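**Q** This is the structure I have questions about; it appears just below.
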Amino acid sequence: MSTPTESQPRKGGYFDTQKTVSLFYSSLDRLASPEARQNAYDNTLKFGHQRPVLSSYIILQLLFALIPLLLFIGFTICTVLFSVSVALCFSFFWAGVAVVVLFWTILLTFTFASVSWLFLAGCFYFVKWVESMVWKEQKVERQDPVPTYDEKHDVKEEKDT
1 MSTPTESQPR KGGYFDTQKT VSLFYSSLDR LASPEARQNA YDNTLKFGHQ
51 RPVLSSYIIL QLLFALIPLL LFIGFTICTV LFSVSVALCF SFFWAGVAVV
101 VLFWTILLTF TFASVSWLFL AGCFYFVKWV ESMVWKEQKV ERQDPVPTYD
151 EKHDVKEEKD T
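Take the sequence shown: its letters are residues 1 to 161, numbered as in the UniProt record's numbering.
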């Protein structure tokens, strides 16, 4: 029978206490060095032997106050997490509503702009068509009042020669 390794799960799913304790101590070593912990432990024992009544009173106060303190801390953390999640959901909901309104607004303005452009382009080409019909009926050649660049250039060359 082989022993389970890291890649093989234990049969029966028993909790590995040795790994848990070593993880606890390694995490504790990050917070305070073993020497500092030993020094605090020695000072606490010394205080307990020197003043047993006061130390027992402090221990009982800590034991009885610890449960309400832990409950209060848990309640506070849960309340903050709940309120933040509700605020995020509320914000995302209204942001989604705003995106829907923005989409339809952009679609409407795009439609108005496209229709306006098509109307104005049609008017432009209609005016050009009417103008061409008027010039054809009068059978007069149209002259541009402003000479083009090539015409100006030709005039300068003639003056030079």
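Beta carbons: idealized from backbone N, C-alpha and C, even for Gly.
All values reported here derive from a predicted model rather than from experimental measurement.
So, using beta-carbon positions, are Ser-55 and Phe-47 closer together than 7 Å?
**A** Their beta carbons are under 7 Å apart, which means Ser-55 touches Phe-47 by this criterion.
**Q** Skipping 5 residues on each side, what residues in its chain have a beta carbon closer than 6 Å to that of Val-130?
**A** Excluding residues within five positions, none has a Cβ falling inside 6 Å.
**Q** Indicate the three-state DSSP secondary structure (helix, strand or coil) for Asp-29 in the structure shown.
**A** Asp-29 falls in the helix class under three-state DSSP.
**Q** Tell me where the alpha helix (DSSP H) around Asp-42 begins and ends.
**A** Unbroken alpha helix (DSSP H) run through Asp-42: 34 to 50.
**Q** When DSSP labels each residue in this structure, what does Phe-119 get in the three-state scheme?
**A** Three-state result, Phe-119: helix.
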